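Okay, structure first, notes after.
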Amino acid sequence: MHIVSIFCRLRDALNCNPDILLKAIRTPQFDRQIQALVKILGHMNEEVGQHERQMWKYGRIFDEKFMSVLQTKACPKLVMMLAAALQQERPEGAENILKIKQLEDVSEENKKKCIMAAEAVRKMIKSSHKQIA
Numbered sequence: 000m001h002i003v004s005i006f007c008r009l010r011d012a013l014n015c016n017p018d019i020l021l022k023a024i025r026t027p028q029f030d031r032q033i034q035a036l037v038k039i040l041g042h043m044n045e046e047v048g049q050h051e052r053q054m055w056k057y058g059r060i061f062d063e064k065f066m067s068v069l070q071t072k073a074c075p076k077l078v079m080m081l082a083a084a085l086q087q088e089r090p091e092g093a094e095n096i097l098k099i100k101q102l103e104d105v106s107e108e109n110k111k112k113c114i115m116a117a118e119a120v121r122k123m124i125k126s127s128h129k130q131i132a
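If you want it as structure tokens, here you go:
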């Protein structure tokens with residue numbers, strides 16, 4: 000599940016609240032994935048110890064369908080969009096992020112659309128920062 004770490008890295012790179020980033024990427028096409036991502040983010044933020052917060056990562060050991068909608072092969076365009084936004088925002092450390100194996104099957108046309116969507120997400124979040132300031 001590349002999406003969780005990419006989402007968290009992008010949130011940090013954009014210095015924004017996860018809710019703002021979730022709002023920026025929300026679209027009916029990705030509704031199931033966004034709902035699952037919200038659940039995982041909730042597990043990560045629970046008021047429990049560090050060990051318990053990290054246990055969601057191992058859910059697929061006990062249930063192979065655990066958060067299956069967030070597997071990269073199940074949502075390659077969403078992962079591609081988030082990865083492209085991360086690469087645009089913080090290129091250092093994200094040089095090879097678009098070379099994730101499961102993203103190889105995304106068509107060139109869809110890659111271009113994901114990159115354009117990534118730019119729009121970044122602009123939306125940056126404009127929300129300006130409105131708050």
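Note that numbering that gives the first Met the number 0 numbers the sequence shown so that position 128 is 127, with each residue one more than the last. The beta-carbon is built from N, C-alpha and C at its ideal position, and this holds for glycine as well. Bear in mind the structure is a predicted one, so any value in this text is a computation, not a measurement.
Buried or exposed (CB count within 10 angstroms, at least 16 for buried), Pro-90: Residue mapping note: residue 90 aligns to position 91 of the sequence shown, counting from 1. Counting Cβ neighbours within 10 Å, Pro-90 comes out exposed, since fewer than 16 surround it.
Closest to Ala-73 by CA distance: which of Leu-102, Ala-117, Cys-15 is it? Locating residue 73 in the sequence shown gives position 74, counting from the first residue. That would be Leu-102, whose Cα lies nearest to the Cα of Ala-73.
Val-78: buried (16+ other C-beta within 10 angstroms of its C-beta) or exposed? To locate residue 78, count along the sequence shown from 1; it is residue 79. With 16 or more neighbouring CB atoms inside 10 Å of its own CB, Val-78 falls in the buried class.
Should Ala-83 and Ile-99 be called a contact, given that it needs their Cβ atoms to be closer than 9 Å? The sequence position of residue 83 within the sequence shown is 84, counting from 1. The sequence position of residue 99 within the sequence shown is 100, counting from 1. No Cβ-Cβ contact shorter than 9 Å links Ala-83 with Ile-99.
Taking Cβ positions, are Ala-35 and Glu-88 nearer each other than 9 Å? For the purposes of this step, residue 35 is identified with residue 36 of the sequence shown, where counting begins at 1. For the purposes of this step, residue 88 is identified with residue 89 of the sequence shown, where counting begins at 1. In this structure, Ala-35 keeps its C-beta atom at 9 Å or more from the C-beta atom of Glu-88.
Could you please give the first and the last residue of the uninterrupted alpha helix (DSSP H) stretch that includes Arg-89? The residue given as residue 89 occupies position 90 in the sequence shown. Here Arg-89 belongs to no alpha helix (DSSP H), and DSSP marks it neither H nor E.
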